[in-house]
Amino acid sequence: MGKPSDLVQGTLDLLILKTLSLQARHGWAIAKRIQQISSEVLQVQQGSLYPALHRLEQQGWIKAKWAESETGRRAKFYSLTAAGRKQMETETANWNRLSTAIDLVVGEV
Amino acid sequence: MRWLNRLVMQIRMLLFRRNANVQLNKELHFHLEQQIAENRLAGMNAEEARLATLRAFGNPVLLREQTGATWNWNGLEQFVHDLRIGARTLSRTPGFALIAILITAFGIGASVTLFTVVRGVLLRPLPFSDPDRLVMLYEHSTIAAGAGDFPFNVVAGGVYAAWNKQNTSFTSLALVRSDSGALSAAGGQLPEKLDKANVSWNLFSTLGVRPALGRVFAGGDDNPAANGTVVLSWSLWKRRFGADPTVLNRTIYLDTKPYTVIGVMPAGFEFPDSSTQLWTPVYREFPENVMSALDNHMFRAIGRLKPGVTAAEATANLSVISRQIHDSHLDNPFVTAAANSRALLEHMVGDVKRPLYVLLTATVCLLLIACLNVANLLVARAAARQKELAVRTALGGGRMRLLREHLTESFLLEVVGGGVGLLMAYAAVEWLVHSRPDIARVSSIHIDGVVAAFTVGVVVLCAVFAGMVSAFHADERLVLRALHESSRGYSAGGTRARLRKTLLAMEVGLTVVLLMGASLLLKSYQRLRSTDVGCITDNVLTMRVSLPGARYKTPGPAPANFFETLLQRVRALPGVEAAGLVIGVPGQGYMGDNGFAIAEHPPMPRGKGVYAIYRSADPGYFAAMGIPNLRGRTFADNQKFDQADEVIISDAFAKKFFTGEDPIGKHLRLGGGPKLHVIVGIVGDTRYSIGEAPQPMQYYPLFAGNENFGTLVIRSSRDVTQLALPVQQIIQGLDRDLPVSDVLTMNQLLGKSSVDQSFDAALITGFAVLSLLLATAGLFGVLSYIVAQRSGEIGIRIALGAQREQVLGLMLADGLRPALIGLILGLGASAATTQFIESMLYETRPRDPEAFAAVTALLLASAALACMVPAWRASRLKPMRVLRME
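From first to last, the protein sequence lines are chains A and B. If you're matching positions, the first sequence starts at 172 in the working numbering and goes up one per residue. If you're matching positions, the second sequence starts at 67 in the working numbering and goes up one per residue.
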């Protein structure tokens with residue numbers, strides 16, 4: 172098994188969008204959430220998380236707001252925009268198609 | 067909606083960039099705190115938790131940079147950042163920056179200037195409608211007996227008439243004859259001699275230009291019976307008539323004859339020459355016999371091709387017509403049998419084409435040298451900063467980032483240099499246009515968008531070139547070696563020195579080519595100026611006088627009497643040693659020739675004939691100009707009006723047409739007519755143009771009254787220019803409507819006719835000197851650098867007993883090697899390329915060994931001088947001090 176952070180190219184964006192689809196979160200919480208949901212398989216490195224977050228924000232898929240965190244410190248919370256939600260749906264569909272296709276090929280042998 | 071979000075984001079990122087950085091810091095900080103808090107919950111102590119977090123977090127600087135890289139405008143930010151660094155590094159070494167900028171400015175300024183000129187003169191289409199369809203037409207004359215072939219002879223009036231009537235290839239054919247005329251004094255303004263053109267009425271419609279004011283000629287204006295009409299140029303209208311629109315229908319006096327102004331041409335219309343100030347109809351100006359003559363070649367013809375007809379087809383069409391005329395006049399040897407053509411643009415700028423392209427090539431060489439020099443300077447800087455760069459690379463500085471820094475620095479230098487260069491070019495173009503109004507199409511030379519784009523292109527090319535060369539070896543593989551070298555430091559950073567030497571050799575090679583061109587042109591110019599034109603040139607004043615035909619009819623006594631009185635009065639002036647009158651002095655041009663027959667010789671075969679340059683002179687002209695009388699005598703005093711029957715021939719005439727016999731006493735029939743002229747004297751040869759070999763000349767008595775224009779020559783033993791005013795007063799005293807023009811000393815006149823050559827030679831020499839300076843400075847710089855690099859090694863050599871002379875020789879050899887390689891390359895390149903300027907040279911061979919030797923000597927001397935100082939300094943090194951410094 173490779174390093175847990177070896178995400179398939181482009182899937183980090185989908186993971187972030189998915190994580191944000193229920194509620195707004197700050198960067199650390201996003202990383203934590205992905206780690207938990209994937210049963211510690213997916214470890215998101217800061218080195219890729221923050222560039223990805225900022226890229227998504229620049230592209231208008233997500234928006235950011237400074238708000239008080241659970242510990243009472245001000246943190247930058249990201250949430251999905253309407254365009255981001257649509258983008259998430261498209262990417263989810265893409266992902267499903269791709270993983271089904273890969274399953275078919277792998278299951279064949 | 068997404069585009070709106072993105073737009074808001076972009077604006078925010080552009081305006082609140084600093085804020086974004088602060089927020090990113092806070093965000094990352096928050097992340098760290100969260101992680102530390104979690105680690106502590108997992109049971110670590112404070113220090114452990116912090117360290118573990120930081121370890122997991124990685125390089126925070128890199129993370130910030132990577133995140134920043136996703137932001138909008140990131141490219142711009144980095145660019146600004148690079149610019150700031152570049153400007154700061156450059157301002158830390160203002161001397162270097164200034165030199166590099168100046169070098170670049172010269173290179174770019176010179177090439178932009180020349181490009182502007184080439185574009186204006188050669189590349190821009192003529193300002194006529196559909197100029198590609200316009201051709202200049204000529205007669206292709208072959209005069210077998212005169213052994214002359216004139217592929218581009220001017221056209222006879224009768225031939226034009228036949229072409230115009232019978233051709234099937236042109237929508238219209240027009241006729242032009244340049245001329246000069248005197249505008250009479252009027253309204254408090256002095257009389258003035260100006261260049262005009264006699265044109266067929268359809269010239270303007272053939273060229274496809276409309277008047278700015280009034281109308282152009284109609285068919286009815288262009289015949290001997292019509293009233294005098296004139297069209298003015300824009301500049302004459304502004305200058306002489308104060309741009310007064312009521313000038314239309316006003317009467318002006320040209321050569322004392324009345325003309326009605328019917329139109330004004332728009333600004334920028336100049337045809338056939340840039341000096342042409344007004345136009346009159348040709349069929350009204352010239353007598354019918356001239357306009358129908360088949361052998362009196364004196365006009366230029368311009369045709370507009372019909373759609374679908376090529377110039378070659380049209381020329382063939384005209385040739386058929388010429389052949390028919392020729393065949394029905396077989397007894398006249400001066401009737402031409404064929405036609406020829408050239409594109410109008412080619413006709414107008416053909417003379418300046420080669421010199422301009424040669425100059426442009428020279429400036430490109432200069433620009434290359436400037437680029438190489440800047441590259442060389444940048445390499446030297448890179449060398450000085452070698453350790454800094456090595457350390458930065460070792461610490462993980464991105465390769466692209468370093469390359470970009472290099473490029474930005476050279477980019478900054480080139481942009482500033484290019485800006486200064488553009489200003490210089492602007493000044494140079496202004497100066498050129500004012501100092502050389504004789505250049506064809508000079509008014510279309512100006513800096514415009516295309517030139518600006520050219521400048522930008524050149525700047526970018528230079529920046530990339532200079533930057534790439536210096537960045538070329540900011541190679542990661544060299545990092546280790548650089549660090550090693552810095553720890554030992556006794557031998558030179560070989561790669562950089564080698565690169566600089568290669569650059570230098572190229573620079574020297576280009577310099578040699580430029581020097582060769584310059585020395586050839588200079589030598590040729592010197593030859594040209596020292597040519598013996600065949601007469602006295604010191605303390606001789608010349609001025610042109612032309613008598614208006616209305617008052618001084620030719621042939622007739624009026625002009626002869628005027629000239630005789632004028633000469634008598636001028637000779638009586640105190641200070642005048644001698645004076646004479648001729649229709650053209652040596653160096654003033656070809657003027658014209660005439661066919662003749664020798665009465666004592668058997669008649670030429672049918673259709674063959676001989677001709678020679680034609681001059682009219684007064685009896686005192688030869689003595690006044692110091693033209694030696696080789697045999698016989700000058701004209702007798704009775705040679706006036708109808709009694710004039712003598713002729714004087716030049717030495718070349720005698721040798722060519724009277725081989726092995728005595729010409730004196732033989733008779734010439736001018737133009738093959740019945741009248742006999744007896745040869746009374748043979749005079750020395752003179753050159754009609756200083757670049758041309760002497761041609762046979764025939765002189766007829768001026769007082770026969772056949773000419774109403776001429777050049778007055780005055781010789782004095784004192785400063786002859788002081789006589790200009792009294793002589794002009796005499797002329798005004800004789801006739802107040804006579805303008806005097808071209809008041810020049812003989813030396814000025816000759817200088818004027820070689821102005822092209824002196825101009826080209828001066829410019830190329832300037833470029834060559836500049837590039838020699840650059841190359842010398844480059845040599846000096848490189849050797850100084852090598853000496854500095856190898857000072858440790860030299861110190862050890864001296865300490866171990868090397869003689870100072872040995873060290874001197876060693877360093878000299880090191881510095882001179884690139885110069886020698888460059889010299890050999892340059893001489894080779896020159897040998898291959900100088901033939902391209904052969905047509906610009908006068909009595910100088912393109913591979914002139916003297917010039918090669920002179921350039922070699924000059925270059926070696928400069929190179930030795932440049933290398934001497936650093937080499938000498940190396941030989942004086944104190945070994946102890948050097949070794950201690952390490």
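By construction, the Cβ of each residue, glycine as well, lies at the ideal position given by its N, Cα and C atoms. Since we're looking at a predicted model, the values are computed, not measured.
Contact between Val221 (chain B) and Ala367 (chain B) holds: CB atoms are separated by about 5 Å, below the 8 Å threshold. Thr190 (chain A) and Lys203 (chain A) have their C-alpha atoms some 10 Å from each other. Bridge partners of Glu258 (chain B) according to DSSP: B:Leu249. Inter-segment contact for the region 637-648 of chain B and the region 779-792 of chain B is present: three or more beta-carbon pairs are separated by less than 8 Å. Interface residue (Cβ-Cβ distance to chain B less than 8 Å): Ala246 (chain A) is classified as such.
Residues of chain B with a Cβ closer than 7 Å to the Cβ of Trp266 (chain A) do not exist, since the nearest Cβ in that chain sits about 21 Å away.
For Arg939 (chain B), same chain residues with a beta-carbon under 7 Å away, outside a window of 5 residues either side, are Val853 in chain order. Using a 10 angstroms sphere on the CB of Pro347 (chain B), the tally of other CB atoms reaches 16 or more, which defines it as buried. The C-beta distance from Gly750 (chain B) to Pro694 (chain B) rounds to 4 Å, short enough to fall under 8 Å. With a cutoff of 8 Å on beta-carbon distance, Ala491 (chain B) and Val178 (chain B) are scored as near each other. Listed by position along chain A, the residues whose Cβ is nearer than 9 Å to that of Leu94 (chain B) are Gly198, Gln217, Tyr221.
Using beta-carbon distances, Thr119 (chain B) does not count as an interface residue toward chain A, since no partner is under 8 Å. Listed by position along chain A, the residues whose Cβ is nearer than 9 Å to that of Gln89 (chain B) are Ala235, Trp237, Lys247.
For Met75 (chain B), the nearest beta carbon of chain A is closer than 8 Å to its own beta carbon. For Asp659 (chain B), the uninterrupted beta strand (DSSP E) run begins and ends at 659-664, by DSSP. DSSP places Ala238 (chain A) in the strand class (E or B) of the three-state scheme. In this structure, the alpha-carbon of Ala264 (chain A) lies about 59 Å from that of Ile167 (chain B).
Counting C-beta pairs closer than 8 Å gives fewer than three between the region 467-478 of chain B and the region 294-303 of chain B, which falls short of the contact rule.
Chain B places a beta carbon closer than 8 Å to that of Arg226 (chain A), counting this residue as a contact. Using a Cβ-Cβ cut-off of 8 Å, Thr190 (chain A) does not count as an interface residue toward chain B, since no Cβ of chain B sits closer than that to its own.
Within chain B, no C-beta atom comes less than 7 Å from the C-beta of Gly243 (chain A); the nearest is roughly 12 Å away. Look at Thr261 (chain A): its C-beta is not under 8 Å from any C-beta on chain B.
Out of B:Val401, B:Tyr908, B:Gly161, the CA that lies nearest to the CA of Leu443 (chain B) is found in B:Gly161. Ala843 (chain B) and Leu931 (chain B) have their C-alpha atoms spaced approximately 10 Å apart. The beta carbon of Leu80 (chain B) does not come within 8 Å of any beta carbon belonging to chain A, so the residue lies off that interface. Leu129, Arg130, Gln132, Thr133, Gly134, Ala135, Thr136, Trp137, Asn138: these are the residues of the region 129-155 of chain B whose beta carbon lies less than 9 Å from some beta carbon of chain A, given in chain order. A check of alpha carbon separations from His363 (chain B) across B:Asn355, B:Arg699, B:Glu454 identifies B:Asn355 as the nearest. Neighbourhood of Ala195 (chain A) in chain B, by CB distance below 8 Å: empty, with the nearest CB roughly 14 Å away. Residue pairing by DSSP places Trp345 (chain B) opposite B:Ala263, B:Val297 in a beta bridge.
Using a Cβ distance threshold of 8 Å, Gln214 (chain A) and Gln207 (chain A) do not count as a contacting pair. Within the region 99-112 of chain B, those residues whose Cβ lies closer than 8 Å to any Cβ of chain A are, in chain order, Glu99, Gln100, Gln101, Ala103. Between Ala518 (chain B) and Cys437 (chain B), the alpha-carbon positions lie close to 19 Å from each other. For Ile167 (chain B), the uninterrupted alpha helix (DSSP H) segment begins and ends at 160-184. Runs of the alpha helix (DSSP H) spanning 4 or more residues and lying entirely within the region 854-884 of chain B occur at 857-865, in chain order.
In this structure Arg470 (chain B) is buried. Its beta-carbon is surrounded by 16 or more other beta-carbon atoms within 10 angstroms.
Proximity to Pro399 (chain B) across B:Arg672, B:Pro805, B:Ala828 peaks at B:Arg672, based on C-alpha coordinates.
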